[in-house]
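Peer 1: After the structure tokens below, expect a handful of questions from me.
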Amino acid sequence: GITAGASLGAVVAIYYGFAAAFVLASPLFALVGALAAAATALALARGGGTLALILAGGAISSLAYAAVYLALDLAPSPYATYEILTWLMGSLADRSWDHVALAGPFIAVGATLLLFTARSLDALTLGETAAASLGVDVARVRLLALVGTALGVGAATAVAGSVGFVGLIAPHLVRPLVGHRPGAVLVPAALTGAIIVVLADLATRVLRGSAQGIGLGVFISLVGAPFFLWLVLRTARRTA
Numbered sequence: 051g052i053t054a055g056a057s058l059g060a061v062v063a064i065y066y067g068f069a070a071a072f073v074l075a076s077p078l079f080a081l082v083g084a085l086a087a088a089a090t091a092l093a094l095a096r097g098g099g100t101l102a103l104i105l106a107g108g109a110i111s112s113l114a115y116a117a118v119y120l121a122l123d124l125a126p127s128p129y130a131t132y133e134i135l136t137w138l139m140g141s142l143a144d145r146s147w148d149h150v151a152l153a154g155p156f157i158a159v160g161a162t163l164l165l166f167t168a169r170s171l172d173a174l175t176l177g178e179t180a181a182a183s184l185g186v187d188v189a190r191v192r193l194l195a196l197v198g199t200a201l202g203v204g205a206a207t208a209v210a211g212s213v214g215f216v217g218l219i220a221p222h223l224v225r226p227l228v229g230h231r232p233g234a235v236l237v238p239a240a241l242t243g244a245i246i247v248v249l250a251d252l253a254t255r256v257l258r259g260s261a262q263g264i265g266l267g268v269f270i271s272l273v274g275a276p277f278f279l280w281l282v283l284r285t286a287r288r289t290a
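Just so we're on the same page, the working numbering is the position in the sequence shown counted from 1, plus 50.
Structure (structure tokens):
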């Protein structure tokens, strides 16, 4: 629900005209929306375990996207409609160092929190009960992982818009190279994800033939969805 919350925050800024008055309004509202979605999911799933957290996130995501599409349907002007659609498609066009300065600190803090959980994430692959028997504070690790993810994903979404599949593709690409330990995948996956986004942005600009480019999220989804399906089929064959 973090990306959905960020999208809703940005749409609120566009719908009510804040984005037209202040260039960083959309990223700021998106960041607030992402953090609010994460906090709500954590509050709803408190004490309920991982499954409750996933269900809470799914419900928040559905509700947030419903509000986004309602705003799109009721947009007060063609300009607002265009801005909302551009946000939903994702883009790095017209981004400046101001956007980097806005998102950078949140991404850095989020990455630091996730790195603190690296060893505990390895233990959690054995299951929550086994990890707890090894001395892992499961509730603390879950909180750090959620807050770190919310800060990183929320800040990135605040700047680039809704860009999917990067978080699914990058870990699977680097896992055969660094092993299958979640803690070892964190940094290589982050770097690989950044490379994927830059290359995809370059490809969209070349295909469009202009500086504006086409939707970054659209391009990555078109390429990423078949790739992810191929991974699923390959995994199914190996486990059959």
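Even glycine gets a Cβ: it sits at the ideal position worked out from N, Cα and C.
Exposed or buried, what is Tyr-119 when buried is set at 16 or more other beta-carbons lying within 10 Å of its beta-carbon?
Peer 2: The residue in question, Tyr-119, is exposed, as its Cβ has fewer than 16 Cβ neighbours within 10 Å.
Peer 1: Among the candidates Leu-152, Val-159, Trp-137, whose CA atom is the shortest distance from the CA of Leu-78?
Peer 2: Here the closest residue by C-alpha is Leu-152.
Peer 1: Would the beta-carbon of Leu-223 fall within 9 angstroms of that of Thr-242?
Peer 2: Contact flag set, yes.
Peer 1: Taking the C-alpha atoms as reference points, what is the distance between Leu-176 and Arg-169?
Peer 2: Rounded to the nearest angstrom, the two C-alpha atoms are 12 angstroms apart.
Peer 1: Return the chain-ordered ranges of every alpha helix (DSSP H) run that is complete within the segment 187 to 230 and spans a minimum of 4 residues.
Peer 2: Listed in chain order, they are 188 to 210, 216 to 228.
Peer 1: Are Val-232 and Leu-184 closer than 9 angstroms when you measure CB to CB?
Peer 2: Strictly speaking, residue 232 in this sequence is Pro, with Val absent from that position. Taking 9 angstroms as the Cβ cut-off, Pro-232 and Leu-184 do not qualify as a contacting pair.
Peer 1: Leaving out the 5 sequence neighbours to the left and right, which residues in its chain are closer than 8 angstroms to Val-82 when beta-carbon positions are compared?
Peer 2: Only Gly-59 meet the Cβ criterion.
Peer 1: Closest by CA to Tyr-66, which one among Pro-126, Ala-250, Ser-112?
Peer 2: Nearest C-alpha to Tyr-66: Pro-126.
Peer 1: Are Val-254 and Phe-269 close, meaning C-beta to C-beta below 9 angstroms?
Peer 2: A small correction: the amino acid at residue 254 is Thr; Val does not occupy that position in the sequence shown. Yes. Within cutoff.
Peer 1: Could you check if Asp-251 is buried or exposed, using at least 16 other CB atoms within 10 Å of its CB as the buried criterion?
Peer 2: Buried: at least 16 other Cβ atoms inside 10 Å.
Peer 1: Can you tell me whether Thr-289 is buried or exposed? The criterion is at least 16 other CB atoms within 10 Å of its CB, across all chains shown.
Peer 2: Exposed, since its Cβ has fewer than 16 Cβ neighbours within 10 Å.
Peer 1: What would DSSP say about Thr-285, mapped onto helix, strand or coil?
Peer 2: Here Thr-285 sits in helix by DSSP.
Peer 1: Got a sec, what are the start and stop residues for the alpha helix (DSSP H) Ser-170 sits in?
Peer 2: Ser-170 -> alpha helix (DSSP H) spans 168 to 174.
Peer 1: I need the straight-line Cα distance from Val-237 to Val-256, nearest angstrom please.
Peer 2: When rounded, the distance between both Cα atoms is 29 angstroms.
Peer 1: Does the Cβ of Val-248 lie closer than 8 angstroms to at least one heavy atom of the ligand MN?
Peer 2: Ligands are entirely absent from the displayed structure, and the ligand MN is therefore not among its contents.
Peer 1: Under DSSP, the alpha helix (DSSP H) around Asp-144 begins and ends at which residues?
Peer 2: Here Asp-144 belongs to no alpha helix (DSSP H), and DSSP marks it neither H nor E.
Peer 1: With a threshold of 7 angstroms on Cβ separation, who are the neighbours of Phe-166 within its own chain once the five nearest residues in sequence on each side are excluded?
Peer 2: These residues qualify, in order along the chain: Leu-194.
Peer 1: Note down, in chain order, each residue of its chain lying with its Cβ closer than 8 angstroms to the Cβ of Ala-75, except the 5 sequence neighbours on either side.
Peer 2: Excluding sequence neighbours, Ala-75 sits near Ala-63, Phe-68, Ala-69.
Peer 1: Round the Cβ separation of Ile-134 and Leu-122 to the nearest angstrom and send it over; I've been treating them as touching at under 8 angstroms.
Peer 2: With a Cβ gap of about 5 angstroms, Ile-134 and Leu-122 count as contacting.
Peer 1: Going by DSSP in three states, Leu-184 sits in which element: helix, strand or coil?
Peer 2: DSSP places Leu-184 in coil when its eight states are reduced to three.
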